[in-house]
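Enquirer: Structure incoming, see below.
Residue numbers (our numbering), protein chains in the order written: chain F, 1 to 124; chain E, 125 to 252.
In C-alpha cells form, the structure reads like this:
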C-alpha cells in the first residue's frame, strides 16, 4: 500500500502532548477571537453594551474567563518556548527537556498570579 | 507531489511571521489583560471602555491587536489544514474559507474600531 506522505504520526512524549494542546488551545482561541469581534461589533449602544457586560459579570462567566486565562497562558508560554527552541538554542535544541519543564513552571506561576485578581472579583 | 503544489511556497514566511506575531500578541495581551481584568473593579462597563475606544492611541492599539490576532489565528488554521487535509482540491477550498473568514472578521473589527464614537457618556446609569 502506498504510504501517504502527509500522514501525521503521534509518538507520545511531553513535547507531543504540548504540541497537541497547543493546537487545541489555538483552535479554542480562534473561536473565542471571532466571537469576541462579533460581540463587540454588535455593541455600539451603551445600554446594550452594559446589559451584555452585566450578564458577563455573572460568576459563571467570570469562571469561564478564568478558563480563558488558563488557555491563553498555556498557549503563550508554550508558544514562547517553541520560539526559544526555534531561534535561540544552539546544537539542536540541547536543552529542550529542561526548557519544557521550565515553561511548565513559569506558566503555572503566571496563571496563579493572574487568577488572583479574578478570584478576588469572584468572591467580592 | 509536494507541499508546494497548492500554495506555491514552502510556508517558511508563514512560519516566521507566526513567531513574530506571537511575540507581539504576548505583549499586547499583557497590556489588554492588565487594563481590562487586573486593575480596576473587574466589572467592565460602557463608561470605562468607551473613552478608551474613542482615543486614537487605543484605536491604533486595537487595530494592531486585531490584525496580529487574526493573522496568527488564520495562519495557525492554515497549518492544521496542511497537516490533515491531503487532497489538493479540498486544500484550495479550505484555504479559501480560512482567508474568507479572516477577511470578514478583519472588516468587522476594523469597522468597529474606526467608526466608534462614544455617546451619552455621562447620562446613563452605571448599572442596568
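For every residue, glycine included, the Cβ atom is placed at its ideal position computed from N, Cα and C.
So, is residue 12(F) buried or exposed, given that buried needs 16 or more other C-beta atoms within 10 angstroms?
Expert: Burial call: exposed.
Enquirer: For my contact list, residue 196(E) and residue 235(E) are in at a C-beta cut-off of 8 angstroms; report their separation, rounded to the angstrom.
Expert: With a Cβ gap of about 21 angstroms, residue 196(E) and residue 235(E) do not count as contacting.
Enquirer: Using a 10 Å radius around the Cβ and a threshold of 16 neighbouring Cβ atoms, would you call residue 46(F) buried or exposed?
Expert: Under this definition residue 46(F) is a buried residue.
Enquirer: Kindly confirm or deny that the segment 173-188 of chain E and the segment 205-213 of chain E touch, where touching means at least three C-beta pairs closer than 8 angstroms.
Expert: The answer is no - the segment 205-213 of chain E does not touch the segment 173-188 of chain E, with fewer than three Cβ pairs under 8 angstroms.
Enquirer: Measure the alpha-carbon distance for residue 20(F) versus residue 74(F) and round it to whole angstroms.
Expert: Between residue 20(F) and residue 74(F), the C-alpha separation is close to 12 angstroms.
Enquirer: For residue 201(E), decide whether its Cβ has a neighbour in chain F, counting only Cβ atoms nearer than 8 angstroms.
Expert: True, the Cβ-Cβ gap to chain F drops below 8 angstroms.
Enquirer: In or out: residue 134(E) buried (at least 16 other Cβ within 10 Å) or exposed?
Expert: By the 10 Å Cβ count, residue 134(E) comes out exposed.
Enquirer: With respect to the alpha helix (DSSP H) encompassing residue 22(F), which residues constitute its N-terminal and C-terminal limits?
Expert: Where residue 22(F) is concerned, the enclosing alpha helix (DSSP H) stretches over 14-41.
Enquirer: Looking at the unbroken alpha helix (DSSP H) that takes in residue 47(F), where does it start and where does it end?
Expert: Here the alpha helix (DSSP H) through residue 47(F) covers 46-56.
Enquirer: Return the CA-CA distance between residue 205(E) and residue 69(F), expressed in angstroms with no decimal places.
Expert: Distance between the alpha carbons of residue 205(E) and residue 69(F): 26 angstroms.
Enquirer: If distances are taken between C-alpha atoms only, which option among 72(F), 96(F) and 106(F) comes closest to residue 156(E)?
Expert: Taking only the C-alpha atoms, the option nearest residue 156(E) is 72(F).
Enquirer: Can at least three beta-carbon pairs, one atom from the segment 101-108 of chain F and one from the segment 76-84 of chain F, be found at a separation below 8 angstroms?
Expert: Contact holds: three or more Cβ-Cβ distances are below 8 angstroms.
Enquirer: Given this structure, state the Cα-to-Cα distance separating residue 120(F) from residue 215(E), to the nearest angstrom.
Expert: Roughly 47 angstroms separates the two Cα atoms.
Enquirer: With a threshold of 8 angstroms between beta-carbons, can residue 15(F) be considered close to chain E, or not?
Expert: No - not a single Cβ of chain E is within 8 angstroms of the one on residue 15(F).
Enquirer: Tell me which residues share the same chain as residue 66(F) and place their Cβ nearer than 7 angstroms to its Cβ, disregarding the 5 neighbours each side in the sequence.
Expert: So the list reads 115 and 118, once near-sequence residues are dropped.
Enquirer: Does chain E have any CB closer than 8 angstroms to the CB of residue 106(F)?
Expert: It does not: the Cβ of residue 106(F) has no partner Cβ on chain E nearer than 8 angstroms.
Enquirer: Please list, in chain order, the residues of the segment 24-36 of chain F that have any C-beta partner in chain E closer than 8 angstroms.
Expert: Correct list: 26, 27, 29, 30, 33 and 34.
Enquirer: What does the alpha-carbon distance come out to for the pair residue 54(F) and residue 171(E)?
Expert: Answer to the nearest angstrom: the Cα atoms are 13 angstroms apart.
Enquirer: Can you check whether the C-beta of residue 72(F) is within less than 8 angstroms of a C-beta belonging to chain E?
Expert: Yes, contact with chain E.
Enquirer: Taking the alpha carbon of residue 76(F) as the reference point, which residue from 161(E), 151(E) and 222(E) has its own alpha carbon closest?
Expert: Of the candidates 161(E), 151(E) and 222(E), the one whose C-alpha sits nearest the C-alpha of residue 76(F) is 151(E).
Enquirer: Which residues in the same chain have their Cβ closer than 6 angstroms to the Cβ of residue 37(F), if we skip the five residues on either side of it in sequence?
Expert: Nothing meets the Cβ criterion.
Enquirer: Just to make sure I have the definition right: I need the residues of chain E whose C-beta is within less than 9 angstroms of the C-beta of residue 80(F). Which are they?
Expert: Going along chain E in sequence order, the residues near residue 80(F) (Cβ under 9 angstroms) are 146, 147 and 150.
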